[in-house]
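To convert, note that position 264 of the sequence shown is 396 in my numbering; the numbers rise steadily by one, no gaps.
The C-beta atom is built at its ideal place from N, Cα and C for all residues, glycine as well.
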Amino acid sequence: MYVATTDRSPAGAAAKGPSALIDRFGRRVTYLRISVTDRCDFRCVYCMEPDQRFAPREEVLTLDEIEAVAAAFVALGARKIRLTGGEPLVRPGVVGLMARIAALPGLDELVITTNGSQLTALAQDIRAAGVRRINISLDSLDPGRFRQITRKGDLAKVLAGIDAAIAAGFERIKLNAVILRGRNHLEVPDLVGFAVDKGINISFIEEMPLGSIGDHDRAEAFYSSDQIRQDLAAHFTLVPTTETTGGPARYYRIPDSETRVGFISPHSHNFCADCNRVRVTAEGRLLLCLGQEHSLDLRAILRGHPGDRERLDQGIREAMQIKPEGHEFDLRAQPVIFRHMNLTGG
Ligand code: SAM
Ligand code: SF4
133 MYVATTDRSP AGAAAKGPSA LIDRFGRRVT YLRISVTDRC DFRCVYCMEP DQRFAPREEV
193 LTLDEIEAVA AAFVALGARK IRLTGGEPLV RPGVVGLMAR IAALPGLDEL VITTNGSQLT
253 ALAQDIRAAG VRRINISLDS LDPGRFRQIT RKGDLAKVLA GIDAAIAAGF ERIKLNAVIL
313 RGRNHLEVPD LVGFAVDKGI NISFIEEMPL GSIGDHDRAE AFYSSDQIRQ DLAAHFTLVP
373 TTETTGGPAR YYRIPDSETR VGFISPHSHN FCADCNRVRV TAEGRLLLCL GQEHSLDLRA
433 ILRGHPGDRE RLDQGIREAM QIKPEGHEFD LRAQPVIFRH MNLTGG
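Structure representation (structure tokens):
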């Protein structure tokens, strides 16, 4: 199905063909998240199994295929792309890919999410490649607990990576912390204090039931955004803002600081009505919703019809018609989404 729009914005004008992707519910898709690899040097307890199996390499999109997907989306109206994973920075050649995607005419913003482990080596190159903003995951400031949660991570390396990102001059660096009851929930004020000291932002994310993890009971470990805000009230003043980065986070300002505190609350504050995003998995599946399985196999199009851009564009346009209204996460049920976050691209 072909969706015509009347977008006459400069960004819309830069797009070839229809200037926006719009779903059945009138939501305009302007944001694409791409998992550039399902592999990772960590095995975070909420994301993966300890002995996580990864996709055979030939099933993962090549860098050229990822670039082709990004180019098609931007031409169809996507304005923001996030590269994520797995750990995007462990994929060889990813910095060159960033430079090529950042140069796509019509793209406003290329951003990435990383666990920070490679940033001391790569932060400057990533910034030079045209990545404007960067999210860095940090769930604990205690080396032992950090190791327990990530199963493999070295906190000192990640902290050095955060400093390298600050030195490289990224705009609005943001930390992401998944808070689990009984694991790191007592660290919430310290994590905010750390962000304030560094002059950067932080978002707290409620754990989502993606893939079986076998580590903890997700319902028992659930720690809500409201609870986190209550915990913070004893230490910081949080002033609600209307600021948005175009995503599901609700932001609060801490007076006399540069820091914004965000809450991503898929359970306690559903954000589907404003959803503007779709995802491409490491294997090239276009996922229309993080919490549902509606998808289109872009890899089959790319490999079955090499270089056929019209076919790729048409597939993407038509896929908008199967974007579901929203997710139905239930922490108490067996996971209905069997793919892990690393494949999906968080
Ligand atoms: N490896 C990179 C990182 O950790 O930042 C990028 C990929 S990771 C899948 C992206 C984000 O998803 C991280 O901030 C991580 O904490 C979050 N995440 C992973 N599994 C999750 C889950 N089950 N529920 C909520 N957030 C999750
Ligand atoms: Fe790796 Fe990120 Fe998943 Fe942790 S959350 S295992 S760092 S992909």
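Exposure label - residue i; buried when at least 16 CB within 10 Å
{"i": "residue 189", "result": "exposed"}
{"i": "residue 380", "result": "buried"}
{"i": "residue 242", "result": "buried"}
{"i": "residue 226", "result": "buried"}
{"i": "residue 331", "result": "exposed"}
{"i": "residue 245", "result": "buried"}
{"i": "residue 238", "result": "buried"}
{"i": "residue 94", "result": "This structure does not reach residue 94, given that the chain is present from 133 up to 478, and the question cannot be answered."}
{"i": "residue 450", "result": "exposed"}
{"i": "residue 147", "result": "With a pLDDT of 40 at residue 147, under the threshold of 50, the modelled position of this residue cannot be trusted, and the question is left open."}
{"i": "residue 318", "result": "exposed"}
{"i": "residue 185", "result": "exposed"}
{"i": "residue 203", "result": "buried"}
{"i": "residue 196", "result": "exposed"}
{"i": "residue 347", "result": "buried"}
Nearest-angstrom Cα separation, counted from residue j out to residue i
{"i": "residue 282", "j": "residue 423", "result": "23 Å"}
{"i": "residue 322", "j": "residue 287", "result": "15 Å"}
{"i": "residue 404", "j": "residue 182", "result": "31 Å"}
{"i": "residue 174", "j": "residue 268", "result": "13 Å"}
{"i": "residue 273", "j": "residue 154", "result": "42 Å"}
{"i": "residue 389", "j": "residue 364", "result": "15 Å"}
{"i": "residue 200", "j": "residue 210", "result": "13 Å"}
{"i": "residue 206", "j": "residue 340", "result": "28 Å"}
{"i": "residue 458", "j": "residue 280", "result": "33 Å"}
{"i": "residue 438", "j": "residue 359", "result": "50 Å"}
{"i": "residue 367", "j": "residue 334", "result": "15 Å"}
{"i": "residue 253", "j": "residue 434", "result": "33 Å"}
{"i": "residue 257", "j": "residue 296", "result": "11 Å"}
{"i": "residue 198", "j": "residue 265", "result": "20 Å"}
{"i": "residue 326", "j": "residue 290", "result": "13 Å"}
{"i": "residue 436", "j": "residue 412", "result": "18 Å"}
{"i": "residue 372", "j": "residue 384", "result": "4 Å"}
{"i": "residue 352", "j": "residue 338", "result": "12 Å"}
{"i": "residue 236", "j": "residue 285", "result": "34 Å"}
{"i": "residue 142", "j": "residue 240", "result": "Bear in mind that a pLDDT of 36 at residue 142, under 50, signals an unreliable position, so the number given afterwards is only what the model happens to contain. For residue 142 and residue 240, the distance between alpha carbons rounds to 11 Å."}
{"i": "residue 292", "j": "residue 301", "result": "15 Å"}
{"i": "residue 455", "j": "residue 164", "result": "14 Å"}
CA nearest to the CA of residue i, picked from the options
{"i": "residue 230", "options": "166, 324, 432", "result": "166"}
{"i": "residue 192", "options": "345, 440, 430", "result": "430"}
{"i": "residue 329", "options": "314, 337, 307", "result": "307"}
{"i": "residue 315", "options": "355, 302, 170, 435", "result": "355"}
{"i": "residue 249", "options": "339, 270, 257", "result": "270"}
{"i": "residue 415", "options": "427, 443, 367", "result": "427"}
{"i": "residue 392", "options": "408, 374, 169", "result": "374"}
{"i": "residue 395", "options": "417, 198, 309", "result": "309"}
{"i": "residue 370", "options": "387, 357, 382", "result": "387"}
{"i": "residue 157", "options": "290, 361, 408", "result": "408"}
{"i": "residue 208", "options": "456, 443, 454", "result": "443"}
{"i": "residue 171", "options": "163, 222, 277", "result": "222"}
{"i": "residue 397", "options": "336, 213, 345, 177", "result": "336"}
{"i": "residue 349", "options": "169, 178, 163, 162", "result": "178"}
{"i": "residue 262", "options": "214, 247, 277, 276", "result": "214"}
Residue i Cβ short of 7 Å to the ligand ADP heavy atom set
{"i": "residue 226", "result": "Absence of the ligand ADP is noted for the structure shown, with the ligand SAM and the ligand SF4 being the only ligands found."}
Contact test: residue i Cβ vs the ligand SAM heavy atom, cutoff 7 Å
{"i": "residue 515", "result": "Since the first and last residues shown for the chain are 133 and 478, residue 515 lies out of range."}
{"i": "residue 269", "result": "yes"}
{"i": "residue 172", "result": "yes"}
{"i": "residue 192", "result": "no"}
{"i": "residue 319", "result": "no"}
{"i": "residue 216", "result": "yes"}
{"i": "residue 333", "result": "no"}
{"i": "residue 339", "result": "yes"}
{"i": "residue 310", "result": "yes"}
heavy atom of the ligand SF4 below 7 Å from residue i C-beta
{"i": "residue 175", "result": "yes"}
{"i": "residue 247", "result": "yes"}
{"i": "residue 252", "result": "no"}
{"i": "residue 219", "result": "yes"}
{"i": "residue 180", "result": "yes"}
{"i": "residue 421", "result": "no"}
{"i": "residue 282", "result": "yes"}
Beta bridge counterpart(s) of residue i as assigned by DSSP
{"i": "residue 355", "result": "Residue 355 is not bridged to any residue."}
{"i": "residue 166", "result": "215, 412"}
{"i": "residue 382", "result": "395"}
{"i": "residue 372", "result": "384"}
{"i": "residue 427", "result": "419"}
{"i": "residue 306", "result": "267, 333"}
{"i": "residue 243", "result": "214, 265"}
{"i": "residue 198", "result": "Beta-bridge pairing links residue 198 to no other residue."}
{"i": "residue 154", "result": "160"}
Cβ of residue i within 8 Å of any chain B Cβ
{"i": "residue 223", "result": "Chain labels in this structure do not include chain B; a single protein chain is all it has."}
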